[in-house]
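As structure tokens, the structure follows; a few thoughts come after it.
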DNA sequence: TTTAAAACAGCAAAAAACAGCATATTTAAG
DNA sequence: CTTAAATATGCTGTTTTTTGCTGTTTTAAA
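Here it is, written out as structure tokens:
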């Protein structure tokens, strides 16, 4: 089989499924994994697809808004997003954090509203830009290659100058004792500045993350006005939070 | 068998199957591999097919570019990008403007380099983030829904604090008399701040835009160190620029 | 942290491409 | 018709490309 034939087949496959595993291509093309790897690498070099560990993804898709059907616990996050949107009203100035939960919220915000939204997440920004009446303010900084999120000193400085009605944030970990925490120092710093800038902070968090903590604390629970999970506020998983000065939804 | 006969058969085969292997043609035509090779090479020279290692493919078959094929004057822009990259060296701190020419430059920058790149364009940033050794610094601001570019006061203020080795910028319009100009006021303001922040400004511009101007002037030509077009520096289209204090490439 | 999979670098065999040469075939001119 | 020149074809030896395999390093996930 000609190399260009293989390339064609690979591109078709990527186009169709948005992503392929190298092993699948090995089967499909009857060549060694090394050949497939080299093919994919070459196509990546020509910007016809994007090579990732173990496979390849299509470019349009590599725009990195994570593929919706691959988001972990999507249903829970949609549910959280719905509740969160119930707290927003037209004309406000809000902040949306990165992460798939906030991305889901950005997707679900009513397109017919007029809203000014700050964010430091490229996927969130791209989602919001689809809504013609929104003003999207991007907080610049050093972009993280993994999350496509602006962080670092520049970002923190910009946040320090802001005054927001409401900030919707995610977190890596949260429990009643330690508050919010992160596994990455930079991320924790961002959350801190964010919470400073907002009159009211709303934490969006799937119940799975509740009652866990990690090394870098970003904020104590008393700075959080509202905690939204996909569970009912009375759910037993949330019992550690039910007696706090915290609006549980 | 006549040569033209063989050519006909080869082209038919390519048309029918989109691809052929030279060895199959050897069988089919009863001639040596060298002859087939020479035939195919000749047809490639006449742009009737594309020769690849081990065979040939039909012209339509080889090209496959879902997004990029919609870029206007892509070839010229690629050419410009190549010239521009020749001016960059590893370890520098540079700025990349938005626009398809700069995007093409971002694509073509060597992935193995280590480089810190500032930009205010989301597409450019996403492209650069694919290169693992690059540091991408995003200039935040109000995002334009059309161009996915950060602009406005916040962006200008961030630019004012920067000191860059080199800025690669595009422009809406340029001529020898009026310098650089834009049709949108906001854009012109951005370019102004940009040029202030850079020790050296390089203008990337397809020749088509040369010798045109519009309402909002962003910069006079003496602030531009280098002008890169896809044409030869001696080309008559550029005659108005050849006597200026301007590095023409 | 550990562990399995994936990526990578380098090597070697096979196939293809290439350059140069010799032979054959066609063309054109005398 | 003959001959010289141009062209076409096949062959030889060399170089390049492709491909699979080895062992090692890196990456991602448990």
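Residue numbers (my numbering), protein chains in the order written: chain A, 1 to 249; chain B, 1001 to 1249. A virtual CB, placed ideally from N, CA and C, is assigned to each residue, including glycine.
Cutoff 8 Å: residue i Cβ touching any chain B Cβ
i, result
"residue 95 of chain A", "no"
"residue 177 of chain A", "no"
"residue 50 of chain A", "yes"
"residue 138 of chain A", "yes"
"residue 13 of chain A", "no"
"residue 234 of chain A", "no"
"residue 141 of chain A", "yes"
"residue 100 of chain A", "no"
"residue 21 of chain A", "no"
"residue 158 of chain A", "yes"
"residue 29 of chain A", "no"
"residue 193 of chain A", "no"
"residue 42 of chain A", "no"
"residue 186 of chain A", "no"
"residue 196 of chain A", "no"
"residue 129 of chain A", "yes"
"residue 83 of chain A", "no"
"residue 35 of chain A", "no"
Nearest-angstrom Cβ-Cβ length linking residue i and residue j, presumed shorter than 8 Å
i, j, result
"residue 1173 of chain B", "residue 1213 of chain B", "5 Å"
"residue 193 of chain A", "residue 160 of chain A", "6 Å"
"residue 179 of chain A", "residue 101 of chain A", "So it is not a contact: roughly 18 Å between Cβ atoms."
"residue 188 of chain A", "residue 218 of chain A", "4 Å"
"residue 93 of chain A", "residue 165 of chain A", "5 Å"
"residue 124 of chain A", "residue 96 of chain A", "5 Å"
"residue 222 of chain A", "residue 245 of chain A", "6 Å"
"residue 1202 of chain B", "residue 1167 of chain B", "7 Å"
"residue 182 of chain A", "residue 216 of chain A", "5 Å"
"residue 1128 of chain B", "residue 1117 of chain B", "5 Å"
"residue 140 of chain A", "residue 1153 of chain B", "Residue 140 of chain A to residue 1153 of chain B, Cβ: 13 Å. No contact."
"residue 196 of chain A", "residue 151 of chain A", "Going by Cβ atoms, the distance from residue 196 of chain A to residue 151 of chain A rounds to 16 Å, so no, they are not a contact pair."
"residue 1131 of chain B", "residue 1111 of chain B", "4 Å"
Proximal residues to residue i (C-beta, below 7 Å), its chain only, five neighbours per side dropped
i, result
"residue 1085 of chain B", "1105, 1108 and 1109"
"residue 90 of chain A", "113, 114 and 115"
"residue 1103 of chain B", "1123, 1124 and 1127"
"residue 1083 of chain B", "1228 and 1249"
"residue 1005 of chain B", "none"
Test: residue i CB closer than 8 Å to a CB of chain A
i, result
"residue 1216 of chain B", "no"
"residue 1045 of chain B", "no"
"residue 1054 of chain B", "yes"
"residue 1110 of chain B", "no"
"residue 1148 of chain B", "yes"
"residue 1010 of chain B", "no"
"residue 1126 of chain B", "yes"
"residue 1223 of chain B", "no"
"residue 1078 of chain B", "no"
"residue 1122 of chain B", "yes"
"residue 1026 of chain B", "no"
"residue 1057 of chain B", "yes"
"residue 1107 of chain B", "yes"
"residue 1250 of chain B", "As displayed, chain B neither begins before 1001 nor continues past 1249, which places residue 1250 of chain B out of reach and without an answer."
"residue 1226 of chain B", "no"
Cβ-based neighbour list, residue i, same chain, cut-off 8 Å, excluding 5 preceding and 5 following
i, result
"residue 44 of chain A", "50, 51 and 56"
"residue 236 of chain A", "none"
"residue 22 of chain A", "33, 36, 37, 40, 54, 55 and 56"
"residue 1098 of chain B", "1119, 1120, 1121, 1123, 1124, 1147, 1148, 1149 and 1170"
"residue 1247 of chain B", "1225, 1226 and 1227"
"residue 1 of chain A", "29, 30 and 31"
Neighbourhood of residue i by C-beta, 6 Å cutoff - its chain only, sequence neighbours within 5 removed
i, result
"residue 1133 of chain B", "1114"
"residue 76 of chain A", "206 and 230"
"residue 14 of chain A", "20, 49, 56 and 58"
"residue 78 of chain A", "104"
"residue 220 of chain A", "179"
Runs of 4 residues minimum, wholly inside the region 1121–1193 of chain B: which ones carry the alpha helix (DSSP H) assignment? 1122–1129 and 1152–1160
Can you give, in chain order, each stretch of the alpha helix (DSSP H) that sits fully within the region 9–53 of chain A and has at least 4 residues? 22–29 and 33–45
I want to know whether the region 228–240 of chain A touches the region 193–207 of chain A - three or more CB-CB distances under 8 Å. yes
Using a Cβ distance threshold of 8 Å, determine whether the region 31–43 of chain A contacts the region 1–11 of chain A, with at least three qualifying pairs required. yes
Report the residue ranges of all alpha helix (DSSP H) runs contained in full by the region 80–124 of chain A; include only those spanning at least 4 residues, in chain order. 100–108
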